[in-house]
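Visitor:
Chains as they are written, first to last, in the UniProt record's numbering: chain B, 1 to 612; chain G, 1 to 612.
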């Protein structure tokens, strides 16, 4: 299949045909048409060990943060949400998306941002003295959101996600990572206010040790100790191993058990946490509040539009050698459906998990250790043979089976006996989970890498590093814009205006596409930024690869220059390097960098761009 | 000065002249004669920034573990020892050794092993119901030990320290590291038994964080971030920075302060901790017990003989480019004097600090970052320029000033106001200190490096690694012998027979010199082992560089072979490589390795052999 010749394109469309809203459902139709032929192979391909390992890993990586967020919501919404809502929401999302979505690699579940949304709405409800009708209000937000989701998906609006570059996705990854770290600290602080100091300090010990052990085990595959199989096994099962160990640790007789750390609260299986039926009586909400829910639902749709689709991009990012086509429109439609159902049932609305999405693809990737033998020649001409290990992503088991089995696992967890097992988990473990996942999102982030580049001593940097070809102040400016975006988002998240943060996050895209090409040269942007997902199979669902604005701008200037038959103005000098020859060498270097990038494996960093 | 032609040698001595004991004081005489001309430069050279940084660093690295050990002793000797005894002992040692010793780089103070010794003697005294006379008994052990020290130093017995290779010094470093880690855990456990669970768990948090932060800061100079000056500054003052921060941390108002962790107990300045005069009435001990003290004192002398001299070797190990001569005999005589005084005063006897000794030399070493530019050629012939940083030890500020100023600092700490400052330090910080110092001794240890080599995947090991030329089972055998030595020492340290452990440690030397050359070929031993200190200026004090037994054995066989005029037996095949040509290339490779070794800086690992 030649994905670059996909029929879903808007190029060359004229008249009314160029307006996306006027051809409703076109994207969804092609999404399904493109993916349906792979449905059988999606199942068949799953009968491998990797799918099993991914199932176990994702069960923990999905469920543990979800439980942690539900604790957060429970605390801040007067106890409306509880473990049963969390499990039902996660199970619903997993079953629907594993069976029906076009992108089964994208793990859908409960995120920190929906938690933020839900408790900010509760804060607003408290201010308006309508906490009695909080569930109904939330249901209406979800209903409106479902409608706006459907409008967006029928209107082919997901196409704009093709404009997502590392500039905005790194900033978003950083934002999410910081929110996770804050949540982890909040969870620990809560131990002190809700329990004894001994429980609080023990919780800190366990959370830190849990973080260190999971991090250490997940790092193993990058080393050369033990055998490749053992390394992989220990890292595949880092979460179960550490969860079992540290959950057991706090139950050891003696001071540990006596400290009596807080554990996960559970309620009767299959019943809502508070005394209500599963269906929220949304018809009881006064009309005034129904319409107040509308603008909030639009903010929620904006959030999901960005968050879910960025997750999908992350799960299909350029470092993974994917072969099966994406389907953003259809999946966003599905997300509207789950939002609708979730709203009616009064459960937290699931959507794509930004830090976890690439973890799923990563677990399904067949990596191979490659031995690189190089000869090293020093100044005196002495040659030494060097052996290095690089990790190469051979292929990805693109299956929906792991996602589905994980969903079944969550349904199983909803039963009484397993709920009791969940109850033995100390709450501080969730703080540890936040630290692992949050730090993963910060450590491998392109922003972190740029900061490290800036504070490093220049003379020790390999000349191959492309950032060396960009002026320091330009890197600083690029970073500053990202930091402003992250900073404003984090700041607003701590206020009652928290639900407005999607606007800030999304505004980074026009900033990148409209203003930044004027402040940076094409070369600078090409070094510092790239499309988060750039394979044709992914971009075909978004109407094909977009032309980067800096390229268009450079071309337009070139056109102007040749038309006027003279050299361009002085400030165009930087573009001299864009002569065909230079461009050629650029490309081959870019390919080389891409290889380097693919060889440097990154376990749980979502938007790592190994390039920088 | 050509140190290899030093007049102090026993080579060629015949008749009664070859017996060391029959020419008393010869070693001490030459030690002083050799070092005295450098006395003025020892002071003058100290007027540099490095000496200041070393003073601050050693003040903390010496005092904090000493305080930690005194807490250990206090707990286990019925409260006889306290902070004042610790300070007096450390100050005495620092002043005497900085002013009078031949090897002012060797930091002398309170070690974990004297703590082990003191409380094991207390255990014995308890069993014999003579705890009333514990101080007197201890005084007699010290008096006898002083006498045996003097016999050993006049009898030139320190000469045998030239036989110390990495085989035994690595094993001893590992043993000390493990004892330190155990002490750290014991200190934390004590928080639970002597204080509240909250204090206990907070102590764990602080100890772990202290460890992580000091470790992180000390690692900085190996990275390329920040500027060279800032990196060095932060690592030079890692202990003061972290001690201030974490000591302040537990005083933050709120749950931290309320947890009320145990702090360092102090008593009236300049007075002994228990109600007694500074002079122990040793004349009151019944004669029977005076003579029981004799065998114990011999064990103590064995311990100090090994421990102190290995510290001196560590402080003058082969990775430091030292120029000034050593003086083992004279220093061991001095150690007898401080033991005598220490015994009379009833303070813990100071001796050389194994993990800290090389830290002092390291702080005084002028390191320089070197930029290594190499070209890397991969299989396809592509060339990449690589820039790496290596750290080169330029020179060592060989001064006695830092040691002396540190001693003055400790005397200052003995005054009332500063004792009160000491009282604010939480005891858990000492657990952190144990972890830092103990782990430093384990992490960089040659044994650890051999284990990592063995569990690494062979194909990724650089072919330059000399261990590749030794059969795996031979490396395992070598390690097994070391592990047995460490294992037995650690095991016996937990029993009442603890005072016997020096016998096990010292028995590793004849094992290495008599038995191992029969089990390993010369080549194998040359790859896996080396003299801990090999420079002529150090070895001249020990009667010159010894001929390694494996070399003598190989020579003898060669001699036999050429005498019989035929090829040696089959099992000699391995020695074929010892033909002159091969030996030549061996040497140049050995030199290369030595360069590699010197460039790989190791901050606080005492007996790291970068070679492996």
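For every residue, glycine included, the Cβ atom is placed at its ideal position computed from N, Cα and C.
Here the structure is a predicted model, which is why all the values come from computation and not from measurement.
If the criterion is Cβ atoms closer than 8 angstroms, does the pair residue 138 of chain G and residue 156 of chain G meet it?
Guide: The residue labelled residue 138 of chain G in the question sits at position 138 within the second chain. The residue labelled residue 156 of chain G in the question sits at position 156 within the second chain. Not in contact: residue 138 of chain G and residue 156 of chain G (Cβ atoms no closer than 8 angstroms).
Visitor: Across which residues does DSSP place residue 109 of chain B in a beta bridge pair?
Guide: For the purposes of this step, residue 109 of chain B is taken as the residue at position 109 of the first chain. Partner(s): B:351.
Visitor: Going by other Cβ atoms of all chains shown within 10 Å of its Cβ, with 16 needed for buried, is residue 216 of chain B buried or exposed?
Guide: Indexing the first chain from 1 puts residue 216 of chain B at position 216. Residue 216 of chain B comes out exposed.
Visitor: With 8 angstroms set as the bound, which would you pick, yes or no: does the beta-carbon of residue 389 of chain G sit closer than that to a beta-carbon of chain B?
Guide: Position 389 of the second chain, counting from 1, holds the residue named residue 389 of chain G. Yes, its Cβ sits closer than 8 angstroms to a Cβ of chain B.
Visitor: Say whether chain B places a C-beta atom closer than 8 angstroms to the C-beta of residue 156 of chain G.
Guide: The residue labelled residue 156 of chain G in the question sits at position 156 within the second chain. So no, residue 156 of chain G is outside the interface.
Visitor: Looking at the structure shown, is residue 236 of chain B part of a helix, part of a strand, or coil, going by DSSP?
Guide: Stepping through the first chain from its first residue, residue 236 of chain B is reached at position 236. Judged by DSSP in its simplified three-state form, residue 236 of chain B adopts helix.
Visitor: Measure how close the beta-carbons of residue 170 of chain B and residue 356 of chain B come, nearest whole angstrom, since I'm counting them as under 8 angstroms.
Guide: Along the first chain, read from residue 1 onward, the residue named residue 170 of chain B stands at position 170. Along the first chain, read from residue 1 onward, the residue named residue 356 of chain B stands at position 356. The pair is not a contact, with the Cβ atoms about 17 angstroms apart (cut-off 8 angstroms).
Visitor: Out of B:459, B:524, B:522 and B:547, state which residue places its alpha-carbon closest to the alpha-carbon of residue 534 of chain B.
Guide: As a position in the first chain, residue 534 of chain B is number 534, starting the count at 1. Nearest of B:459, B:524, B:522 and B:547 to residue 534 of chain B, Cα basis: B:547.
Visitor: Can you give me the Cβ contacts of residue 419 of chain G inside the same chain, cut-off strictly under 6 angstroms, excluding the 5 residues immediately before and after it?
Guide: In the second chain, counting from the first residue as 1, residue 419 of chain G sits at position 419. Cβ within range, chain order: 266 and 269.
Visitor: Check the DSSP bridge columns for residue 393 of chain B and list the partner residues they point to.
Guide: Within the first chain, the letter at position 393 stands for residue 393 of chain B. The partner list for residue 393 of chain B (beta bridge, DSSP) reads B:367.
Visitor: Under 8 angstroms, Cβ to Cβ, is there at least one residue of chain B near residue 462 of chain G?
Guide: Taking the first residue of the second chain as position 1, residue 462 of chain G is located at position 462. It does: the Cβ of residue 462 of chain G has a partner Cβ on chain B nearer than 8 angstroms.
Visitor: Determine the chain G residues that contact residue 258 of chain B at a beta-carbon separation under 7 angstroms, and present them in chain order.
Guide: Here the question's residue 258 of chain B lines up with position 258 in the first chain. Within chain G, the residues near residue 258 of chain B are 197.
Visitor: With a Cβ-Cβ cutoff of 8 angstroms, do residue 370 of chain G and residue 396 of chain G count as a contact?
Guide: Taking the first residue of the second chain as 1, we reach residue 370 of chain G at position 370. Taking the first residue of the second chain as 1, we reach residue 396 of chain G at position 396. In this structure, residue 396 of chain G does not lie closer than 8 angstroms to residue 370 of chain G by Cβ.
Visitor: Under a CB-based cut-off of 8 angstroms, is residue 218 of chain G close to chain B?
Guide: Indexing the second chain from 1 puts residue 218 of chain G at position 218. So, not an interface residue.
Visitor: So, does the region 514 to 524 of chain G touch the region 123 to 141 of chain G, judging by three or more C-beta pairs under 8 angstroms?
Guide: no
Visitor: Pull the bridge partners of residue 388 of chain G from the DSSP assignment, please.
Guide: In the second chain, the residue the question calls residue 388 of chain G occupies position 388. According to DSSP, which records beta bridges pairwise, residue 388 of chain G is partnered with G:372.
Visitor: Near residue 488 of chain G, what residues of its chain come up, given a Cβ to Cβ distance below 6 angstroms and the 5 sequence neighbours on each side ignored?
Guide: Your numbering for residue 488 of chain G matches position 488 in the second chain. Counting only Cβ-Cβ distances below 6 angstroms, and skipping sequence neighbours, we find 504.
Visitor: Would you verify that the beta carbon of residue 457 of chain B is, or is not, closer than 8 angstroms to some beta carbon of chain G?
Guide: Taking the first chain and counting its residues from 1, one reaches residue 457 of chain B at position 457. Yes, its Cβ sits closer than 8 angstroms to a Cβ of chain G.
Visitor: I want to verify the contact list: residues of chain B whose CB lies under 8 angstroms from the CB of residue 452 of chain G, in sequence order.
Guide: By one-based count along the second chain, residue 452 of chain G stands at place 452. Ordered by position in chain B, the residues that pass the 8 angstroms Cβ test against residue 452 of chain G are 225.
Visitor: Under a CB-based cut-off of 8 angstroms, is residue 35 of chain B close to chain G?
Guide: Within the first chain, the letter at position 35 stands for residue 35 of chain B. Answer no: the Cβ-Cβ gap between residue 35 of chain B and chain G never drops below 8 angstroms.
Visitor: Could I get the ranges of all uninterrupted alpha helix (DSSP H) runs contained in the region 87 to 171 of chain G, with 4 residues as the minimum, in chain order?
Guide: 112 to 127 and 134 to 154
Visitor: Distance cutoff 8 angstroms, beta carbons only. Does residue 204 of chain B sit that close to anything in chain G?
Guide: As a working mapping, residue 204 of chain B is identified with position 204 in the first chain. Closer than 8 angstroms to some Cβ of chain G, the Cβ of residue 204 of chain B qualifies, so yes.
Visitor: Interface residues of chain G around residue 386 of chain B at Cβ under 8 angstroms?
Guide: As a working mapping, residue 386 of chain B is identified with position 386 in the first chain. In chain order, 376 and 462 make up the part of chain G whose C-beta sits under 8 angstroms from the C-beta of residue 386 of chain B.
Visitor: Note down the Cα distance separating residue 496 of chain G from residue 295 of chain G, rounded to an integer number of angstroms.
Guide: As a position in the second chain, residue 496 of chain G is number 496, starting the count at 1. As a position in the second chain, residue 295 of chain G is number 295, starting the count at 1. Their Cα atoms are separated by approximately 15 angstroms.
Visitor: Can you list the residues of chain G that residue 255 of chain B reaches, using a CB-CB cut of under 7 angstroms?
Guide: What you label residue 255 of chain B is simply residue 255 of the first chain in a count that begins at 1. Under the 7 angstroms cutoff, chain G gives 192, 197 and 200.
Visitor: When you compare only the Cα positions, how much space is there between residue 304 of chain B and residue 186 of chain G?
Guide: Within the first chain, numbered from 1, the residue matching residue 304 of chain B stands at position 304. Within the second chain, numbered from 1, the residue matching residue 186 of chain G stands at position 186. Approximately 52 angstroms, taken between the alpha carbons.
Visitor: Would you call the region 55 to 72 of chain B and the region 407 to 418 of chain B touching, i.e. three or more CB-CB distances under 8 angstroms?
Guide: yes
Visitor: Give me the chain B residues within the contact set of residue 379 of chain G, using Cβ-Cβ distance strictly less than 9 angstroms, ordered along the chain.
Guide: Position 379 of the second chain, counted from the first residue, corresponds to residue 379 of chain G. Residues of chain B whose Cβ lies closer than 9 angstroms to the Cβ of residue 379 of chain G are, in chain order, 372, 373 and 374.
Visitor: Please return the same chain residues whose Cβ sits closer than 8 angstroms to the Cβ of residue 580 of chain B, not counting the five positions on each side in sequence.
Guide: Locating residue 580 of chain B in the first chain gives position 580, counting from the first residue. Any answer about residue 580 of chain B is weak, because its pLDDT of 39 lies below 50 and its placement is not dependable; what the coordinates show is given next. For residue 580 of chain B, there are no CB contacts under 8 angstroms within the same chain when 5 residues up- and downstream are skipped.
Visitor: Kindly indicate the opening and closing residues of the alpha helix (DSSP H) around residue 335 of chain B.
Guide: As a position in the first chain, residue 335 of chain B is number 335, starting the count at 1. Segment 328 to 345, the alpha helix (DSSP H) holding residue 335 of chain B.
Visitor: Rounded to whole angstroms, what is the Cα-Cα separation between residue 334 of chain G and residue 97 of chain G?
Guide: Along the second chain, one-based indexing puts residue 334 of chain G at 334. Along the second chain, one-based indexing puts residue 97 of chain G at 97. When rounded, the distance between both Cα atoms is 8 angstroms.
Visitor: Looking at chain G, is there any beta carbon in it that lies within less than 8 angstroms of the beta carbon of residue 208 of chain B?
Guide: Stepping through the first chain from its first residue, residue 208 of chain B is reached at position 208. Nearest CB-CB separation between residue 208 of chain B and chain G: below the 8 angstroms threshold.
Visitor: With H, G and I counted as helix, E and B as strand and the rest as coil, what does DSSP make of residue 267 of chain G?
Guide: As a first step, residue 267 of chain G is located in the second chain; it is residue number 267 there, counting from the start. DSSP places residue 267 of chain G in coil when its eight states are reduced to three.
Visitor: Check the C-beta distance from residue 68 of chain B over to residue 337 of chain B and give it rounded, since I have them as a contact under 8 angstroms.
Guide: By one-based count along the first chain, residue 68 of chain B stands at place 68. By one-based count along the first chain, residue 337 of chain B stands at place 337. The beta carbons of residue 68 of chain B and residue 337 of chain B sit about 26 angstroms from each other, so the pair does not count as a contact at 8 angstroms.
Visitor: Sorted by chain position, which residues of the same chain lie with C-beta nearer than 6 angstroms to residue 623 of chain B's C-beta, five sequence neighbours on each side aside?
Guide: A question about residue 623 of chain B goes unanswered here, because the residues of chain B that appear run from 1 up to 612.
Visitor: For the alpha helix (DSSP H) that residue 57 of chain B lies in, which residues bound it at each end?
Guide: As a first step, residue 57 of chain B is located in the first chain; it is residue number 57 there, counting from the start. That run of the alpha helix (DSSP H) goes 49 to 76.
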